[in-house]
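Numbering (our numbering), first residue to last: 18 to 228.
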C-alpha cells in the first residue's frame with residue numbers, strides 16, 4: 018500500500034499535484050498544517066493528526082473523518098514523525114512525504130530521520146519537493162537514467178558507509194569508504210542508462226537534485 022503524508026513545510030502546489038498524480042497513493046495522511054495542503058490540492062485525507070496550532074478551525078471542520086488524532090503542542094514526536102508512525106501502523110509498503118523541506122532545518126533533518134525510521138520498519142519512503150527527492154539506502158541499489166528525479170545524485174553516509182562502489186556514474190568509486198564529514202559523494206551524475214550503487218555496510222541518503 019502506498020501512503021502519502023502531507024505536512025507543513027515548503028509547498029509548491031503545481032509540483033505537488035503533478036508528482037502525487039504520477040505516484041498514485043492509496044491512502045493520505047494530513048499532518049497538522051498538511052491539512053491546508055490537502056485543502057489546496059482538493060484531497061480528502063484518510064487520517065488527520067497534529068496539534069493544529071497552524072490550521073484554522075474552519076479548515077479542520079471541512080475534513081470530516083473518523084480517523085482524527087489531536088495531540089498536544091508539547092510532545093515527544095513531531096507531527097510528521099507521528100504521521101510516519103501512523104503510516105507504518107496502517108501497513109504501508111511505500112510512503113511519500115510532501116512538505117517535508119523548508120526554512121526550519123531542524124525539522125528538515127528530523128524528517129530525513131523519519132525516512133530511516135520507515136526503512137528500518139520495512140517501508141520504502143521518500144520525501145520530495147520541486148528540487149530534491151531523498152531516499153534511504155541500506156543495501157545495493159540500481160537507478161535508471163530515465164527514472165531519475167534530477168541531473169545530480171548525491172550519496173551522504175549516516176555516519177559511515179564502507180565498500181562503496183559506483184558504476185555508470187561520472188565519478189566512479191571502487192571499494193571506498195564514505196564518511197559524513199567528507200564530500201566525496203556530492204553532485205555525481207549518471208553517464209550510462211543505469212547506475213549501480215554497491216556497498217558492504219552503512220546507511221546512505223540518496224539525494225536526487227535539479228536546479
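Beta carbons: idealized from backbone N, C-alpha and C, even for Gly.
Nearest neighbour of residue i, chosen from the options [CA to CA]
i	options	result
residue 20	29, 31, 37 and 32	37
residue 209	148, 164 and 119	164
residue 224	179, 124, 196 and 202	202
residue 214	200, 68, 155 and 228	155
residue 167	42, 147 and 128	147
residue 26	53, 101, 135 and 41	53
residue 113	173, 220 and 105	105
residue 169	149, 184, 175 and 157	149
residue 51	219, 42, 65 and 41	65
residue 128	152, 98, 145 and 120	98
residue 76	100, 95, 49 and 123	49
residue 46	24, 29, 33 and 30	24
residue 68	200, 174 and 94	94
Which of helix, strand or coil DSSP assigns to residue i
i	result
residue 182	strand
residue 145	strand
residue 117	coil
residue 97	helix
residue 193	strand
residue 203	coil
residue 111	strand
residue 127	helix
residue 31	helix
residue 60	coil
residue 163	helix
residue 103	helix
residue 51	helix
residue 43	coil
Buried/exposed call for residue i, threshold 16 Cβ in 10 Å
i	result
residue 4	Residue 4 lies beyond the range of the chain shown here (18 to 228); nothing can be said about it.
residue 44	buried
residue 61	exposed
residue 35	exposed
residue 205	buried
residue 162	exposed
residue 108	exposed
residue 59	exposed
residue 89	In this prediction, residue 89 has a pLDDT of 48, which is less than 50 and means its spatial position is unreliable; what the coordinates show is noted afterwards. With fewer than 16 Cβ atoms within 10 Å of its Cβ, residue 89 is classed as exposed.
Which residues DSSP lists as bridging residue i, in chain order
i	result
residue 152	143 and 223
residue 158	214
residue 171	224
residue 19	111
residue 177	196
At least three beta-carbon pairs within less than 8 Å, the segment 125 to 144 to the segment 177 to 190: Per the Cβ contact rule, the segment 125 to 144 is not in contact with the segment 177 to 190 (fewer than 3 Cβ pairs under 8 Å).
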